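2 protein chains.
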Amino acid sequence: MSSPTEAAGLSGRRRQAALNDEAILNSAREVFLADPKSPISDVAKHAGVGISALYRRYPGKEALLRQLCHDGLRRYLAEAEAALADPDGWTAFTGFLTRVVDADVHSLTVHLAGTFTPTPEMGADAERAGRLAEDLVERARATGKLRGDIVLQDIALVLESCAAIRVPDRRRTTELRRRVLAMLIDSISRTGAPDLPGPPPEAGEFNWRWQRRP
Amino acid sequence: MSSPTEAAGLSGRRRQAALNDEAILNSAREVFLADPKSPISDVAKHAGVGISALYRRYPGKEALLRQLCHDGLRRYLAEAEAALADPDGWTAFTGFLTRVVDADVHSLTVHLAGTFTPTPEMGADAERAGRLAEDLVERARATGKLRGDIVLQDIALVLESCAAIRVPDRRRTTELRRRVLAMLIDSISRTGAPDLPGPPPEAGEFNWRWQRRP
DNA sequence: CTGGAACGGAATACTTTGTTCCGTTTCAAC
DNA sequence: GTTGAAACGGAACAAAGTATTCCGTTCCAG
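Line by line, the protein sequences give chains A and B. End of the first sequence = 214 in full-length UniProt numbering, gap-free, step of one. End of the second sequence = 214 in full-length UniProt numbering, gap-free, step of one.
Rendered as structure tokens:
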């Protein structure tokens, strides 16, 4: 794992290499978020490096995708843990959603899933992520501000909805996503509203994405 | 243009051909909705016909995509016009959204756009669609049930959000989409709610999808 | 000076896929 | 019954795209 701005304190070519580490990962994130099926050469082009620089660091495309996805999953975990430290169960919940949407974590995880064979560790992390999210929902419910018929899996619906919003400009994308998120949170917190239609989403109903897509 | 169940009254091979007309279009819709980049052979396989049956009807892949997209656009127009016949501006608005979401018209139009060069007629239809949607929003606003800071382009946000929800089973997909739509409509109708964040979506902000994607 | 780490990018090998082509089946008209 | 054309299935073909390898070059640390 390379920490950000690891290039500090290095000189010459070592420094350049460390910079490339970041540039490649950042470019991969940007390119693969735009289209998970992008050719690996686009990543190199976007990072301003040759293909070799990529293959020196990752054994192949899969490994890069896997890393990217796992990083997203870790980000999700970090945000969830940070949110759980918030004494207010409601702001913990809404703040978590906002930060996850802003970071586009959903695209990094769910939309990249299926493009590689996941490691057992990722499975464990995903499970833990589910537990943390459950805690967040429970604590939000305890505040009494959460609509009665909202279940854990509704988080997936919310994140999926927000991640779908996309315009060419990244900053504007974030703004528009926040607009949608505001609407959804607004509705989610309507304790007196009429029941939502249909059976609520069930556990595992969105796991199909993690199946290997050929 | 072929009307549904055109096969009635025909016999023998003519009948089979008319049936294939439908099978091919239906399969194309299903396959390309699942993934707009699907190979054309998947469509044939799904329809249970050979490739020739496809090429007898359409000069190429583009033409099939174009037809599918244009059909979706026409469906949008039809639903909008039907909704405008409703004397109640609010149920006209919500009913329109529901039917468009149920029919997955958004995927049919926006998500297929960019995979072909559009005809001038499609441009004209798209423009008219925009005007009709504007009317629907205006009439909804006139009822006083529409949140003040909702603009026409918010419809795009709503449809995009709903279209993003997808699980393997189509019927279940519809249910879950209705759940999200219920949340969004719920919030959209909160006349007393705090303002939504950020500048509202602008006209033409989603037109980028119609640019040819290579 | 110099050996090797790091790299750029052409070349390769392979897969995918749109389209064509041809032999075959089927049916309606004579 | 004969037949000719509509309709079709699917192999064959051609073009494109792309993951990966390979080799010559650059640059620095020791």
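No residue lacks a Cβ here, since even glycine has one placed at the ideal position from N, Cα and C. What you are looking at is a predicted structure, and each value in this text was computed from that prediction instead of being measured.
Looking only at its own chain, which residues have a Cβ that is under 8 Å from the Cβ of Ser38(B), when we skip the five neighbours before and after it?
Val31, Phe32
In or out: Glu160(A) buried (at least 16 other Cβ within 10 Å) or exposed?
buried
Hey, does Met1(A) have any beta-carbon neighbour from chain B nearer than 8 Å?
Because Met1(A) sits at a pLDDT of 41, beneath the cut-off of 50, its placement in the model cannot be relied upon, and the point is left open.
What number of angstroms, rounded off, separates the C-alpha of Ile165(B) from the C-alpha of Ala53(A)?
37 Å
Kindly list, in the order they appear in chain B, the residues whose Cβ is closer than 9 Å to that of Gly72(A).
Those do not exist, as Gly72(A) stays about 17 Å from chain B at its closest Cβ, beyond 9 Å.
Looking at Arg179(B) and Pro194(A), is the spacing between their C-beta atoms short of 8 Å?
no
Could you tell me whether the Cβ of Arg212(B) comes closer than 8 Å to any Cβ of chain A?
no
Taking the straight line between their C-alpha atoms, what separation do you get for Gly95(A) and Ala83(A)?
Roughly 7 Å between the two C-alpha positions.
Would the region 62 to 75 of chain A and the region 144 to 152 of chain A be scored as touching if the rule is three or more Cβ pairs under 8 Å?
In short, these stretches do not touch, since the Cβ pair count stays below three.
Contacts of residue 274(B) in chain A (Cβ-Cβ under 8 Å):
Residue 274(B) lies beyond the residue range present for chain B, which begins at 1 and ends at 214; the question has no answer from this structure.
Tell me whether Thr117(A) is buried or exposed, calling it buried when 16 or more other Cβ atoms sit within 10 Å of its Cβ.
exposed
Suppose the cutoff is 6 Å on Cβ atoms and the five residues either side in sequence are ignored; what does the same chain contact list for Ala142(A) look like?
Gly89
What is the DSSP secondary structure of Tyr58(A), counted as helix, strand or coil?
coil
For the alpha helix (DSSP H) containing Glu134(A), list its first residue and its last residue.
120 to 142
Measure from the C-beta of Val100(A) to each C-beta in chain B and report whether the shortest distance is under 8 Å.
no
Could you tell me whether the Cβ atoms of Arg152(A) and Glu127(A) are closer together than 8 Å?
Note that residue 152(A) is Leu in the sequence shown here, rather than Arg. No, they are not a contact pair.
When Arg14(B), Ala140(B), Tyr55(B) are compared against Ile24(B), the one with the closest alpha-carbon
Out of Arg14(B), Ala140(B), Tyr55(B), the CA that lies nearest to the CA of Ile24(B) is found in Tyr55(B).
Within chain A, partners of Ile165(B) - CB distance below 8 Å
Leu157, Glu160, Ser161
If you follow the alpha helix (DSSP H) that Glu175(A) is part of, which residue opens it and which one closes it?
170 to 188
Among Asp42(B), Arg139(B), Val101(B), Ala203(B), whose alpha-carbon lies nearest the alpha-carbon of Asn26(B)?
Measuring C-alpha to C-alpha distances from Asn26(B) to each of Asp42(B), Arg139(B), Val101(B), Ala203(B) identifies Asp42(B) as the nearest.
By the three-class DSSP mapping on this structure, what secondary structure does Ala23(A) have?
helix
Can you tell me whether DSSP reads Gly48(A) as helix, strand or coil?
DSSP, read as helix, strand or coil, puts Gly48(A) in coil.
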